[in-house]
Each structure stands twice: as structure tokens, then as C-alpha cells.
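Trainee:
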Amino acid sequence: ADIESSCMLHPLVHLAIAKIGYLVSEGGAEKPFLAVYLLPVDNRLKEMSRSDVFSTMRDFLTKHLPSSMLPSKYLVLDKLPINSHGKIDATLLPSLFDKDEEKSKFSSLPTDTEKNLIEIFSQVFRTENITRESDVWKLQENQNAFSIIAQNTLLARLLGEYNIIMT
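Numbering (the working numbering), first residue to last: 9 to 175.
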């Protein structure tokens with residue numbers, strides 16, 4: 009609430025909603041970051057570039073918040089999603105990432121484990137189009153390959169590769 013209140017002290021901000029997002033590192037660890045959705049008083053904030061919004065808000069908030077509470081991302085909205093009860097529906101807020109950021113979030117090189125799993129799944133499904141984002145169920149529908157034999161083959165390969173003993 010302190011972050012949102014401090015943002016709303018800015019003369020160009022009508023309403024602010026703080027939200028925690030997560031970036032996925034190359035090792036698969038999630039790193040939290042703080043973002044704020046801003047509903048501006050008028051068009052001045054909307055007409056600024058993202059970097060200008062960031063520096064404007066950052067400069068302002070450094071006077072009101074400790075550095076550990078400063079958001080690392082600001083998203084300017086035209087309107088807020090409202091549910092049938094007239095309250096803000098946080099689940100309908102836009103993604104914290106634009107399309108380029110969304111792609112880059114997952115464009116890091118796969119880990120050794122991911123490479124190994126991709127290789128195993130590719131061999132079992134007899135395709136080279138598998139990535140870490142592949143939907144195995146859609147893949148099996150398209151390939152018609154997820155038969156009992158394929159399931160057993162996949163299970164045996166995974167158990168053997170990762171030295172898992174089932175009792």
C-alpha cells in the first residue's frame with residue numbers, strides 16, 4: 009500500500025496498483041521484481057516513452073520510498089479492468105511483459121537437464137520440433153505417438169537417465 013500511495017502522490021497519477029512479477033533465469037530460478045500499473049490523470053503520462061515514464065516515476069519515488077521498495081517496471085494503462093461488483097479485477101490486468109520481453113524471457117539457452125529432456129522427448133516422439141514450451145498432449149495428438157509403447161519407452165528412458173528406482 010505504501011508503494012501505491014506514494015505513486016498516487018505524483019501529480020500525473022490518478023491510481024496505482026503494485027504487483028510482483030517473476031523473471032525466469034537461465035538456471036530456471038524465479039527472480040521476483042516489483043511492477044506498478046499506473047492510471048494517469050491525463051494523457052501526459054501516456055504520451056511519454058517507457059524510459060521517460062520509468063525515470064519520471066523513479067526520480068519521484070526515490071524521495072518517498074526506500075530503494076528496496078522502488079518498482080523496476082511501470083505500466084501505464086488506459087483503463088482498469090473492473091469486475092461485475094465494480095471492483096478492480098487484478099486477474100485481468102495486462103501482462104507485465106510486452107511481446108518482445110515475453111519472448112526474451114524464455115529465449116535463454118536451455119539448461120543441460122532441459123537439453124537432455126528435449127533430446128529424450130524428441131527421440132520418443134520422433135520429431136525435432138520440441139522446445140521447453142512444447143505441450144506434450146498436443147504433440148501426441150498431432151503425432152499420434154503417445155501410445156502405451158511410447159509411454160513405456162518414455163518412462164524407461166527417464167527412469168534410466170535420472171537413476172530413478174521405482175519400488
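We put the beta carbon where it would ideally sit given N, CA and C, even for glycine.
Nothing here was measured: the structure is a model prediction, and the numbers come from that model.
Helix, strand or coil: how does DSSP classify Lys27 here?
Mentor: In this structure, Lys27 counts as strand in the three-state DSSP scheme.
Trainee: Cα-Cα, which of Ser80, Pro102, Pro79, Phe68 is closest to Leu88?
Mentor: Of the listed residues, the one whose Cα sits closest to Leu88 is Pro102.
Trainee: Can you give me the Cβ contacts of Leu47 inside the same chain, cut-off strictly under 7 Å, excluding the 5 residues immediately before and after it?
Mentor: Excluding sequence neighbours, Leu47 sits near His22, Leu23, Leu85, Leu88.
Trainee: Classify Met65 as buried or exposed, calling it buried when 16 or more other Cβ atoms lie within 10 Å of its own Cβ.
Mentor: Its Cβ being crowded by 16 or more others within 10 Å, Met65 is buried.
Trainee: To the nearest angstrom, report how far apart Phe133 and Thr175 are at their CA atoms.
Mentor: Taking the straight line from one Cα to the other gives about 27 Å.
Trainee: Would you report the Cα separation of Lys123 and Val61, rounded to the nearest angstrom?
Mentor: Looking at the two C-alpha atoms, the distance is approximately 39 Å.
Trainee: Around the C-beta of Leu167, are 16 or more other C-beta atoms found within 10 angstroms, so that it is buried, or is it exposed?
Mentor: Answer is exposed; the Cβ neighbour count stays below 16.
Trainee: Name the residue from Phe68, Thr119, Leu163 whose alpha carbon lies nearest to the alpha carbon of Val32.
Mentor: Taking only the C-alpha atoms, the option nearest Val32 is Thr119.
Trainee: If you draw a straight line from the C-alpha of Gln159 to the C-alpha of Asn171, how long is it?
Mentor: Roughly 18 Å separates the two Cα atoms.
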